[in-house]
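Read in UniProt numbering, the sequence shown has 1 at position 1, and its numbers run on one by one without any break. Glycine is no exception: its CB is placed at the ideal position from the N, C-alpha and C atoms. Note that the structure is a prediction, hence the values are computed from the model and not measured. One structure below.
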Amino acid sequence: METFEFVLIVLTCVAASSVIDKFVNVSIPVIQVVIGLLVALVLPSVQEVHLESELFMLLFIAPLLFNETRETNIRALLLNLNSILSLAIALVVVSVLSVGYALHLMVPSIPLAAAFALASALGPTDAATVTALKSNIHLTHRQQTLLSGESLINDASGVVAFQFSVAAAVTGAFSLVDAAGSFTVLFVGGVVMGIVTGFAFSAINAMLGRLGYEDTVANVLYEVLTPFLVYLLAETFHVSGVLAVVAAGLVIALPRRQSNNALFARQKLVSDSTWKVISFLINGTIFVFLGMQLPLAVLPGTNGGLN
1 METFEFVLIV LTCVAASSVI DKFVNVSIPV IQVVIGLLVA LVLPSVQEVH
51 LESELFMLLF IAPLLFNETR ETNIRALLLN LNSILSLAIA LVVVSVLSVG
101 YALHLMVPSI PLAAAFALAS ALGPTDAATV TALKSNIHLT HRQQTLLSGE
151 SLINDASGVV AFQFSVAAAV TGAFSLVDAA GSFTVLFVGG VVMGIVTGFA
201 FSAINAMLGR LGYEDTVANV LYEVLTPFLV YLLAETFHVS GVLAVVAAGL
251 VIALPRRQSN NALFARQKLV SDSTWKVISF LINGTIFVFL GMQLPLAVLP
301 GTNGGLN
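Set out below in structure tokens:
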């Protein structure tokens, strides 16, 4: 199937899911998965589309994480940073190690690195689940901050652990000491890269503002491109792209929350609307694509469309 046709089909499915969601009392991700499955059964050629994991990280995960940072209360995040880091990093690492080793002991045929990869996928708290939880259950402000901050940061830590586990599974070599060292380099390097690029982009934006450049559309486009540029730059230096995106997003969002400038207000209004559409399209595409790959996933000897 041609790429353009596939993209058009996926976008149509995502748009249809938003309409169906108004008439049925079912979670929209479930609707999107079902739509993708039905399309795959009617048009089997969509199952032939494959997406490289690195491209998936760049096109989908990077902008989603960046968007999450835009909605994070940075002041509350900093006040509860120790608790959040202990949950988002220490607890994820402990969960990955304990679940990975337990799975390997129970099923020795599963390589240790593959067991760690599975544990890494199960460890992070889903941000969408946290949002739904906050809307259905009364939580204190601190509890909301802890859950939101943890879901943001442990997405990144879980992805880093997953990437390293998969790499170890592919190469067939795994050392806990080497893993800890590499994880530290990836983690710290990604955060530092994100902070540096975040301040650099903020400085450029501020300089353009002082020069009288007040184009809201161009500024929003510049913001949309930021997570892709930061991710690619971090991966070029062999540090964590996802952590760099999270750190850069927090740094870039900070001065905008502190500004009362009318330009910033207009830009935020346009930016919020733009990111709402982008986030819905990306999430919808992921779930529709998942539904399209279900027929392949249940067949023996296949691994679906994500390589």
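Own chain partners of residue i with C-beta closer than 6 Å, once the 5 adjacent residues on each side are dropped
i, result
"Asn-219", "Gln-267"
"Ser-27", "none"
"Ala-248", "Gly-194, Thr-197, Gly-198 and Val-230"
"Val-279", "First, the residue type needs correcting, since residue 279 is Ser and not Val in the sequence shown. So the qualifying residues of the chain are Asn-67."
"Gly-24", "It should be noted that the sequence gives Val, not Gly, for residue 24. For Val-24, where only same-chain residues beyond five positions count, there are no Cβ hits under 6 Å."
"Val-10", "Thr-285 and Val-288"
Cβ shell of residue i (< 8 Å), same chain only, five flanking positions each side left out
i, result
"Gln-47", "Ala-40, Met-292, Gln-293, Pro-295, Leu-296 and Gly-305"
"Cys-13", "Gln-32, Ile-35, Gly-36, Val-39, Gly-284 and Val-288"
"Thr-171", "none"
"Val-217", "Val-270"
Residue burial classification, residue i (beta-carbon count within 10 angstroms, cutoff 16)
i, result
"Thr-145", "buried"
"Thr-3", "exposed"
"Pro-227", "buried"
"Ala-62", "buried"
"Gly-158", "buried"
"Leu-8", "exposed"
"residue 333", "This structure cannot speak to residue 333, because the chain is shown only from 1 to 307."
"Glu-235", "buried"
"Phe-183", "buried"
"Phe-237", "exposed"
"Thr-302", "Because the pLDDT at Thr-302 is just 48, under 50, the model does not fix this residue reliably, and the point stays unresolved."
"Ala-161", "buried"
"Gly-212", "exposed"
"Val-251", "buried"
"Glu-54", "exposed"
"Ser-165", "buried"
"Ser-120", "buried"
"Gly-181", "exposed"
"Val-277", "exposed"
"Leu-87", "buried"
"Leu-81", "exposed"
"Ala-206", "exposed"
Chain-order list of residues whose beta-carbon lies under 7 Å from that of residue i (same chain, five-residue window excluded)
i, result
"His-104", "Ile-110, Leu-112 and Ala-115"
"Ala-16", "Ile-35"
"Ile-282", "Phe-60, Pro-63 and Leu-64"
"Ala-102", "none"
"Ser-98", "none"
"Ala-253", "Thr-69, Arg-70 and Ile-74"
"Leu-118", "Leu-103"
"Leu-290", "Val-33 and Gly-36"
"Pro-29", "Phe-287"
"Asp-21", "Ile-28 and Ile-31"
The ligand GDP heavy atom lying under 7 Å from the CB of residue i
i, result
"Phe-4", "What this structure holds is no ligand at all, so the ligand GDP is not there to describe."
Exercise. Flag this pair as touching only if the segment 241-251 and the segment 179-194 have three or more C-beta atom pairs under 8 Å; answer yes or no.
Key: By the criterion of at least three beta-carbon pairs nearer than 8 Å, the segment 241-251 is in contact with the segment 179-194.
Self-check item: beta strand (DSSP E) segments (min. 3 residues) lying fully within the segment 213-247
Solution: Runs of the beta strand (DSSP E) inside the segment 213-247: none found.
Quiz item: Unbroken alpha helix (DSSP H) runs of length 4 or more, entirely within the segment 33-98: which are they?
Solution: For the segment 33-98, whole alpha helix (DSSP H) runs of length 4 or above, ordered along the chain, are 53-56, 62-70, 74-79 and 81-85.
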